[in-house]
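**Student:**
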Amino acid sequence: MNVFSRSIPFLLLFGVIGLLLFHFLVHLLTESWWFHSVGFSQVFWTPITWQLGLGITTFVLYSLSLWANYRLAIRWTQELPLQEWGDSGINMQAISDRLVLGAIALVSWIAATATAPSWETVLKFLHPSQFGIKDPIFQHDVGYYVFHLPFYQGVWTWFFVLLLLELGIAATVYGLSRAGLQLQDWQHYLQGGAKTHLGVLLAAIAALMAIHFWLKRYDLLYGSDGVVFGIGYTDAHARLFAYTVLSWLAVGVAIALLMSIWRRGLALSLRTIGLFILSWFVLSGLVPWAQQQFFVAPNELTAEKPYLQNNIQFTQNAYRLHDVQRQNYAAQAQLNLQALQENQPTIRNIRLWDYRPLLSTYRQLQEIRLYYKFSDVDIDRYTLNDAYQQVMLSGRELAYDQLPQEAKTWVNQRLKYTHGYGLVMSPVNRVTSDGLPNFYIKDIPPVSTINLPVNQPRIYYGQETGNYIFTGTKTEEFDYPQGEANTFTTYTGTGGVPLPSFWQRLIYAIDRGSIQILISNYFTHQSRIHYHRQIQDRVRHITPFLRFDSDPYLTLIDGRLQWILDAYTVSDRYPYSEPVSRSKNIDAILNDNTIATTIRGNVNYIRNSVKVVIDAYNGTVQYFAMDESDPVLNTYRQIFPQLFTPAAAVPPALKAHFRYPEDLFKIQAQMYLSYHMSNPEAYYNREDLWKFPVQTYEGNEQVMQPYYVVMRLPDTQKEEFILILPFTPSNKDNMIAWMAARSNGQEYGKLLLYEFPKQSLVYGPRQIEARIDQDPQISQQFTLWSQAGSKVIRGDLLVIPIARSLLYVEPVYLRAEQGELPQLKRVIVAYDKAITMQETLEQSLAAIFGSGQAPAPGTPAPVTGATAALARSALEAYQRADAALRQGNWADYGRYQNELQRILQQMNQ
95 MNVFSRSIPF LLLFGVIGLL LFHFLVHLLT ESWWFHSVGF SQVFWTPITW
145 QLGLGITTFV LYSLSLWANY RLAIRWTQEL PLQEWGDSGI NMQAISDRLV
195 LGAIALVSWI AATATAPSWE TVLKFLHPSQ FGIKDPIFQH DVGYYVFHLP
245 FYQGVWTWFF VLLLLELGIA ATVYGLSRAG LQLQDWQHYL QGGAKTHLGV
295 LLAAIAALMA IHFWLKRYDL LYGSDGVVFG IGYTDAHARL FAYTVLSWLA
345 VGVAIALLMS IWRRGLALSL RTIGLFILSW FVLSGLVPWA QQQFFVAPNE
395 LTAEKPYLQN NIQFTQNAYR LHDVQRQNYA AQAQLNLQAL QENQPTIRNI
445 RLWDYRPLLS TYRQLQEIRL YYKFSDVDID RYTLNDAYQQ VMLSGRELAY
495 DQLPQEAKTW VNQRLKYTHG YGLVMSPVNR VTSDGLPNFY IKDIPPVSTI
545 NLPVNQPRIY YGQETGNYIF TGTKTEEFDY PQGEANTFTT YTGTGGVPLP
595 SFWQRLIYAI DRGSIQILIS NYFTHQSRIH YHRQIQDRVR HITPFLRFDS
645 DPYLTLIDGR LQWILDAYTV SDRYPYSEPV SRSKNIDAIL NDNTIATTIR
695 GNVNYIRNSV KVVIDAYNGT VQYFAMDESD PVLNTYRQIF PQLFTPAAAV
745 PPALKAHFRY PEDLFKIQAQ MYLSYHMSNP EAYYNREDLW KFPVQTYEGN
795 EQVMQPYYVV MRLPDTQKEE FILILPFTPS NKDNMIAWMA ARSNGQEYGK
845 LLLYEFPKQS LVYGPRQIEA RIDQDPQISQ QFTLWSQAGS KVIRGDLLVI
895 PIARSLLYVE PVYLRAEQGE LPQLKRVIVA YDKAITMQET LEQSLAAIFG
945 SGQAPAPGTP APVTGATAAL ARSALEAYQR ADAALRQGNW ADYGRYQNEL
995 QRILQQMNQ
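Counting from 95, one number per residue, gives the positions in the sequence shown under this note's numbering.
1. If you count every other CB in all the chains shown that lies within 10 Å of the CB of P547, and 16 or more means buried, which is it?
2. For S873, count neighbouring Cβ atoms within 10 angstroms of its own Cβ and tell me buried if that reaches 16, exposed if not.
3. Using only the alpha-carbon positions, how far apart do G839 and A750 sit?
4. Can you grab the Cα-Cα spacing for the pair G287 / H626, in whole Å?
5. My output table needs one value for G713: the three-state DSSP class, helix, strand or coil.
6. Within 8 Å (strictly less), CB to CB, does R898 reach chain C?
7. Which residue or residues does DSSP assign as beta-bridge partners of W832?
8. Using a Cβ-Cβ cutoff of less than 7 Å, which residues in the same chain neighbour S363 once the five nearest sequence positions on both sides are dropped?
9. Which whole-angstrom value is the C-beta distance of F323 and Y777, which I expect to be below 8 Å?
10. For the beta strand (DSSP E) containing Y802, name the first residue and the last one.
11. Helix, strand or coil for K826, going by three-state DSSP, please let me know.
12. Assign T338 to one of three DSSP states: helix, strand, or coil.
13. Would the segment 248-258 count as touching the segment 732-745 if we require 3 or more Cβ pairs under 8 Å?
14. What is the C-beta distance between Y574 and A412, in whole angstroms, given that I count them as a contact (C-beta under 8 Å)?
15. Label E558 either buried or exposed according to how many other C-beta atoms from any shown protein chain fall within 10 Å of its C-beta, with 16 as the threshold for buried.
16. Work out the CA separation of T409 and Q628 for me, nearest whole Å.
17. Please classify F116: does DSSP put it in a helix, a strand, or coil?
18. Tell me which residues share the same chain as T637 and place their Cβ nearer than 8 Å to its Cβ, disregarding the 5 neighbours each side in the sequence.
19. Using beta-carbon positions only, say whether A424 and R898 come within less than 8 Å of one another.
20. Per DSSP, what kind of secondary structure is Q276 in: helix, strand or coil?
21. Out of curiosity, what's the CA-to-CA distance linking S772 and D721?
22. Please report how far the alpha carbon of I929 lies from the alpha carbon of T526, in whole angstroms.
23. Sorted by chain position, which residues of the same chain lie with C-beta nearer than 7 Å to Y791's C-beta, five sequence neighbours on each side aside?
24. Are the Cβ atoms of T663 and L758 separated by less than 8 Å?
25. What residues in its chain sit with their C-beta under 7 Å from that of L395, if we drop five residues either side in the sequence?
26. Express the C-alpha separation of I623 and S614 in angstroms, rounding to a whole number.
27. Give the single residue among G560, I553, L343 whose Cα lies nearest to the Cα of T714.
28. For Q598, collect the residues of the same chain with a Cβ closer than 6 Å to its Cβ; drop the 5 residues on either side in sequence, then sort them by chain order.
29. Do you know offhand how far F564's Cα is from R606's?
30. A301 and S341 - do their beta-carbons sit closer together than 8 Å?
31. Candidates I263, F134, A742, T586: which alpha carbon is nearest L195's?
32. Inspect the beta-carbon positions of L487 and L648 and report whether they are closer than 8 Å.
33. Quick one: Cα of Y456 to Cα of L314, how far?
34. With a cut-off of 8 Å, do at least 3 Cβ pairs link the segment 446-465 to the segment 814-829?
35. So the candidates are P740, L640, F617, D724; which of them puts its Cα closest to the Cα of T692?
36. According to DSSP, is I184 helix, strand or coil?
Have a look at this one:
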């Protein structure tokens, strides 16, 4: 009974370990099935195999080394009279080797978990790529820092932890074996084999410190002290010298420790260590401080100028800013009716719908049932009826959480409500008579009024598909509502993991913790389980070593719904390049999306090298290698040769929908605010810092976000799909430049910067917003609407470059205070000193530039401009007064009559 009682804790421990191991193996098995189903088994097994091999190797080597040191220490202690440990009569030889071995195994497992090199670090080291650029200090290719240096630093950490553990075990054994010695007999600790053992370990640690200081020289390339990111003057002339000397001094310490093994005293070792500590303090602390204070600071610009040049050049290279093509843009007030006619494709693609009110409108008009949801509005372009058209679209996904509570059964969640259905699409510039979007595609089943058929509208994989489901069961899936009845379907695609046997259902029942998977009678041999259906989770699960854009967008290609997601290769090891997270006013690009995920850590190199396409019905994932010049991508392609599809294999219909990613553009624009200055002196003086413009939305000032437009760039012959963003000076609101990223054909990925003349005023977005607020007719109309119980929403202010001039367009929406159906009611257009607000964009342009049509004889000239706005305001005041009179509301009737009188007086003036 006593033996059994003593065994219970061990049985419980082994039981818990066995249960955890069993669940791990079950999950490993289901993961292997899932990766096989999506066609990326190599991507699963390569990291698993390497990480397991590295972990086991580290554990075994740690265990053998620690056990060997323990046994060696025990052996050396037997050469000397061993003292008893306290009064218990237990000495070192009496300690159970079994318990010590268990402790060593536990310590080795913990250390192996913490220090084993990651599979990615090792495989990058084994498959390096050249950048073709050498750093200016050590003359190493950048690939050395990205692929080799992390491995060397990891190996150093591995050996350092091992030696510390070995020293700790040896010192513990020798200390316990001599616990009876008095303090004044300390020299008896270090004699014979014990002295040799400890001396060799300490010498090895000193040698590792020499390697540490040698590698630490390269860390100066990422230093952030002073005005230079990277090696500055003090780093190059003091700290670099200090680390080199300290490295050789550490070698001297190691030699001195080895020599002390054969000497009676420790004077040589102690003197060498003392010299090393003193040198460390002087060389790495005192000397750099003195040089910075007394030489660099009084002559900082002269001293740091070449190092600032390195910082600028390498930062521009790391973010591909050195390829920005800079041009002058006159921004002259020469726009006329003829120029507008020549740029009609640009005019008819001006985006009047802001995605925020449009999303609300989509939800009110087209969600149709409470279990459907539009999660986002995407912007794309299509050739529709021979016209290049910018459109906005959104997928109608299934939101299971929005079902009534009583309908949330296991069968409904896993077998019935499995997919969303269809999409809506509308042009960016068209509005119905009641201020609503003019749909190209709408309703269930999808009704298309354009040459884009929807052959497969079902969405099994999307942005809202967070739960796992089963298809191919005995019960049909809900497809879509139709009148009083519902339409049902059976999945016929290739997505999901097959469940042909009871054995596989048992494994998934354990993995998912759901007994229903095992006992349900709905399953057949054709059943499949679908999980990792949320597209961002899906791609991150396959390729966690890539970073992904925060905005996947939906496309309709050959009748099928396809998601496109931009992927990035990143590094934090690009020499002299400033990390995004350290740039000035970084919060400006973090406000409205999850871009922080892309730049987490100290990312200082980024490329949009991969386009990921996910089929909404089958969930198939394709990774297209678009930037084959990217060394990081080339290394991943060597590690995973079957993962990436060459860019040449991209179907033309798919490539036509690739667009420059917004997150990357924000990062590049953020870095360009200061790194557009290539002159070190200008950069040092910060004399030309830029910032993002500010605009007004729902009464609040917000940093302007980049926006897509279809327009014709200066000196080009054809309209393109372009992402643009204006810039303003850091201390003023006028516009100083605008940047464009191209997305079409051979020009894809090119960045252009158009700079305005510095001697003339070009209105910035905040200044245009102020002019709108100060316009009496416009502000009066806003006041009238607000008093009538409506909420005025001013959409994005778009700056549209046309024919070397600038046109400012801002849509205005009305929404009932208690409603969620915004309607587009007015369009504000500003040009040069003119500003107007009319019902349509065409009317606003006509109010400023004229209609281009001569009036017929005897026909009164059309009323335009401010007079037209006042006339409409008068009519609205009259209509409200008439309605109040019919309702017997004399107070409102008097108020509207007074308003009408005031407007008529203004018109008379």
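Cβ atoms here follow ideal geometry from the backbone N, Cα and C, with glycine treated the same way.
**Tutor:** Quick answer:
1. Classification of P547: exposed, given that the 10 Å Cβ count is below 16.
2. With fewer than 16 Cβ atoms within 10 Å of its Cβ, S873 is classed as exposed.
3. Counting only the Cα atoms, A750 lies some 8 Å from G839.
4. In this structure, the CA atom of G287 is about 59 Å from the CA atom of H626.
5. Assignment of G713 by DSSP, reduced to helix, strand and coil, places it in the coil class.
6. Protein chain content of the structure displayed is limited to a single chain, and chain C is not contained in it.
7. Bridge partners of W832: P820, Y848.
8. Sequence-distant Cβ neighbours of S363 in its own chain, meaning closer than 7 Å and more than five residues away, are A350, L351, S354.
9. Rounded to the nearest angstrom, the Cβ distance from F323 to Y777 is 11 Å, too far for a contact under 8 Å.
10. Here the beta strand (DSSP E) through Y802 covers 801-805.
11. Three-state result, K826: coil.
12. Collapsing the DSSP output to three states places T338 in a helix.
13. No, because fewer than three Cβ pairs between the segment 248-258 and the segment 732-745 fall closer than 8 Å, the two stretches do not touch.
14. The Cβ separation is near 49 Å, so there is no contact.
15. Buried.
16. About 35 Å.
17. The DSSP-derived three-state label of F116 is helix.
18. Closer than 8 Å at Cβ, skipping near neighbours: V137, A661, Y717, L737.
19. Yes. Within cutoff.
20. Here Q276 scores only 45 on pLDDT, less than 50, and its place in the model should not be relied on; the value that follows carries that caveat. In the structure shown, Q276 sits in coil (DSSP, three-state: anything other than H, G, I, E or B).
21. Their Cα atoms are separated by approximately 26 Å.
22. Just so you know, the alpha carbons of I929 and T526 end up roughly 24 Å apart.
23. Contacts found: R888.
24. No, they are not a contact pair.
25. Closer than 7 Å at the Cβ level, and outside the excluded window around L395, lie E775, Y778.
26. Each residue's Cα considered, the two are about 14 Å apart.
27. Ranking the options by Cα distance to T714, first place goes to I553.
28. Cβ within range, chain order: n/a, list empty.
29. For F564 and R606, the distance between alpha carbons rounds to 13 Å.
30. Their beta carbons are not under 8 Å apart, which means S341 does not touch A301 by this criterion.
31. Here the closest residue by C-alpha is I263.
32. Yes. Within cutoff.
33. Just so you know, the alpha carbons of Y456 and L314 end up roughly 53 Å apart.
34. The answer is no - the segment 814-829 does not touch the segment 446-465, with fewer than three Cβ pairs under 8 Å.
35. Minimum Cα-Cα distance from T692 among the listed residues P740, L640, F617, D724 corresponds to L640.
36. Note that I184 scores a pLDDT of 49, beneath 50, so its modelled location is shaky; the value from the coordinates is reported in the next line. Reduced to three states, the DSSP call for I184 is strand.
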